[in-house]
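See below for the structure under consideration.
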Amino acid sequence: MSAAQGIEGVWGYTWPTDMGDGKHTLTVMVTDRAGNTATQTLEFFIDTRLSTPTIALDSTDDTGTPGDDMTNRTRPTFILQNIDSDVINVTVSVTHNGTTTSFTATQGAGGWSFTPPAPWGDGDYTLTVTVEDRAGNTRPSTPLTVTVDTQIAIDRIELVNDSGVPGDNVTKHVRPQFQISVPDDVEKVLLSIDGGTTWVTAIKSSTAGIWDYTWPTDMPEGQHTLTVEVTDGAGNKMTETLNFTIDITLLTPTIELAPDQDTGQIKNDNLTSVTQPLFVLGHIDKDVQHVVLNIEHNGTFKTVVLTESADGWRYRPDAALGDGSYKLTVTVTDVAGNQQTSAPLTVTIDGTLTTPTIELAAGEDSGTVGDGLTNHTRPVFDIRQVDSDVTRVMVKVTYNGKTHEEAAVFTNGQWRFTPSASWADGSYQLAVVVEDLAGNVKESAPFEVRIDTTTTINNIVLLNDTGVQNDQLTNVCQTVIQN
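What follows is the structure, encoded as structure tokens:
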């Protein structure tokens, strides 16, 4: 290809097509007017490629949630990566509050990094890395915005259910409720009442900067110190304390059905068949002077003044209680006049249960109806007068002095019993035992049934035998036969 002559002695040529990256050799051959020629070469490189660098906050300086680019370090370190080996200039531009400052990054044994030469104040910083290689290619990174936050505060710690003089931090509530006011960027609020041995997490409310927590268990009476530790998004922490006092001069009493009085099949369902059940009272302070039991039943109320027995605080009705629901509450009064009422206890008395009956089902009495005689070896029995709350129906079968139990079944609205195996001939005595939810048990009157599946002919005699005796020969036309 021929070069074009410019000024005297200078020739030029621009390559018309793109050359690929890499090493190239240019050979130049010149010829003068006399026909003399000369050749010379030039080696050159084409480099159009340059990787886009990246910048990231060093993980050790990302003091908030990993990856949120928040830090409480005033001179955080940034890691620069994806920088080609032929890069000769690495510049970090930092923009803060509208002002941009450029810094030169350094390359150490671990790679390229950047640390501000002076501490940064709180705020947002946007950093961009620009690299330049030997060929003059330049490439900026995607901007990275980092927030420096070194400030944190606890604006207020409040005992919400302060029941004494407002602001005196004295409460009669054994489950105190606290509210902590903090800046909006606080991400975690921890509470402790044992000096920091154990911590619980407060709940962030819908109102910005407000965190709440109600203690889930009863605290003892006396002085306590609440320790509050808050952490913001940048990882800053701060701790403050609040001294408060719980003063409960009277415990709330309790009343419950004595464990052995809950006769129902479901434990702690407060259903009993005992008509004079024993109740146990608890949480009665030693300085209590009056204990009054209030009983509500069918809209009527009864008040009973109780005294402590050797076994503690107990109550048993003087007379049997009728079936139904009873609501009991205990009110105690101490020497100071403080009064507390227990949570209501609802107890159901169910002391009645209908006595069941058992009989052969229709069609099973194969003899004279009602005689209890059958030739069925697995007769079906109807069980009647079974209350709707009955949960267990058993049939006791006695035969030849031995008794065993079998379960009845409820089908098509009727309790029935069929022996699990065929019975031999003989007399059987049956009794039904039923049990309801309250634990009441009733047994039916015994019912006797006889199984008879065999019959015999002992003898047949011709009464008018006129010939030799027992030769069964007669001249009587109307014979008489007896068996």
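Counting from 1, one number per residue, gives the positions in the sequence shown under the UniProt record's numbering. In this text, a Cβ means the ideal position worked out from N, Cα and C, and glycines have one as well.
Cβ of residue i within 9 Å of any chain C Cβ
| i | result |
| --- | --- |
| PRO116 | Looking for chain C here will not work: only one protein chain is present. |
Where residue i falls: helix, strand or coil (DSSP)
| i | result |
| --- | --- |
| PRO143 | coil |
| GLN40 | strand |
| ASP133 | strand |
| GLN469 | coil |
| ASP124 | strand |
| GLN179 | strand |
| ASP32 | coil |
| ASP47 | coil |
| ARG416 | strand |
| GLU158 | strand |
| ALA105 | coil |
| GLU8 | coil |
| TRP211 | strand |
| ALA431 | strand |
| VAL386 | coil |
| LEU190 | strand |
| GLN223 | strand |
| GLY372 | coil |
| TYR13 | coil |
| THR474 | coil |
| VAL380 | coil |
| ASN400 | coil |
| ALA118 | coil |
| VAL449 | strand |
Cβ shell of residue i (< 8 Å), same chain only, five flanking positions each side left out
| i | result |
| --- | --- |
| ASN268 | ASP262 |
| THR355 | GLN385, LYS442, GLU443, SER444 and ALA445 |
| SER163 | VAL170, THR171, LYS172 and HIS173 |
| ASN137 | ASP47, THR48, ARG49 and LEU50 |
| GLN339 | LEU250, THR331, VAL332 and THR333 |
| MET19 | ILE46 |
| ASP168 | ASP162 |
| GLY324 | HIS297, ASN298, THR348 and ILE349 |
| MET219 | VAL174, ARG175, PRO176, ILE193 and ILE246 |
Residues near residue i in its chain [Cβ-Cβ closer than 6 Å; skip 5 each side]
| i | result |
| --- | --- |
| ARG73 | ASP61 |
| THR241 | THR225 and THR227 |
| THR48 | ASP21 |
| ILE55 | PHE78, LEU80, LEU127, VAL129, SER141 and LEU144 |
| THR245 | VAL170 and GLN223 |
| TYR399 | TYR428 |
| ILE358 | PHE381, ILE383, LEU430, VAL432, SER444 and PHE447 |
| SER102 | THR91 and SER93 |
| GLU43 | THR25 |
| ASN236 | ASN72 and ILE152 |
| VAL28 | GLN40 |
| ASN459 | none |
| ALA38 | VAL30 |
Close Cβ partners of residue i (< 7 Å) along its chain, the five nearest in sequence each way excluded
| i | result |
| --- | --- |
| ALA4 | TRP11, GLY12 and TYR13 |
Option nearest residue i by Cα separation, candidates the options
| i | options | result |
| --- | --- | --- |
| ASP365 | VAL174, SER388 and VAL449 | VAL449 |
| ILE157 | VAL230, VAL94, PRO259 and THR101 | VAL230 |
| THR411 | GLY401, ARG384 and HIS404 | ARG384 |
| ASP285 | ILE248, VAL131 and ALA105 | ILE248 |
| ALA431 | SER388, SER422, ALA421 and ARG416 | ARG416 |
| LEU50 | SER93, ASP69 and ILE83 | ILE83 |
| PRO176 | GLY136, THR217 and GLY167 | THR217 |
| ASP387 | SER422, GLU435 and LYS402 | GLU435 |
| VAL288 | GLU308, THR300 and PHE301 | GLU308 |
| GLU405 | ALA421, VAL390 and GLN414 | ALA421 |
| LEU437 | GLY108, TRP15, ARG392 and GLY299 | ARG392 |
| THR100 | ASP124, THR207, GLY64 and GLY67 | ASP124 |
| GLU187 | VAL148, ASP232 and THR197 | ASP232 |
| ASP58 | ALA424, THR418, GLY111 and THR454 | GLY111 |
| ASN89 | VAL131, GLY64, THR275 and TRP120 | VAL131 |
CB of residue i within 9 Å of CB of residue j, strictly
| i | j | result |
| --- | --- | --- |
| GLY439 | SER273 | yes |
| PRO184 | ARG134 | Note that residue 184 is Asp in the sequence shown, not Pro. Not a contact, by the Cβ cut-off of 9 Å. |
| ASP318 | ASN375 | no |
| ILE193 | TRP215 | yes |
| LEU360 | LEU328 | no |
| ILE349 | LEU321 | yes |
| TYR326 | THR346 | yes |
| ALA343 | THR252 | yes |
| SER113 | THR106 | yes |
| PHE447 | GLY372 | yes |
| LEU278 | ARG314 | yes |
| ASP155 | GLY209 | yes |
| LEU281 | ILE255 | yes |
| PRO76 | THR115 | yes |
| PRO419 | VAL390 | no |
**Study point:** Length-filtered (3 minimum) beta strand (DSSP E) runs lying within the segment 332-365
**Key:** Given a length threshold of 3 residues, each whole run of the beta strand (DSSP E) inside the segment 332-365 is given here in chain order: 339-341, 345-349 and 357-360.
Exercise for review: Please list the segments of the beta strand (DSSP E) lying wholly inside the segment 59-88, counting only runs of 3 or more residues, in order along the chain.
Suggested key: List check, beta strand (DSSP E) in window: 78-81.
Practice item. Give, in chain order, every unbroken run of the beta strand (DSSP E) that is at least 3 residues long and sits entirely within the UniProt domain "Bacterial Ig-like" (250-350). Key: DSSP assignment within the UniProt domain "Bacterial Ig-like" (250-350) yields the following whole beta strand (DSSP E) runs of 3 residues or more, N-terminal first: 254-257, 279-282, 288-297, 300-306, 324-334, 339-341 and 345-349.
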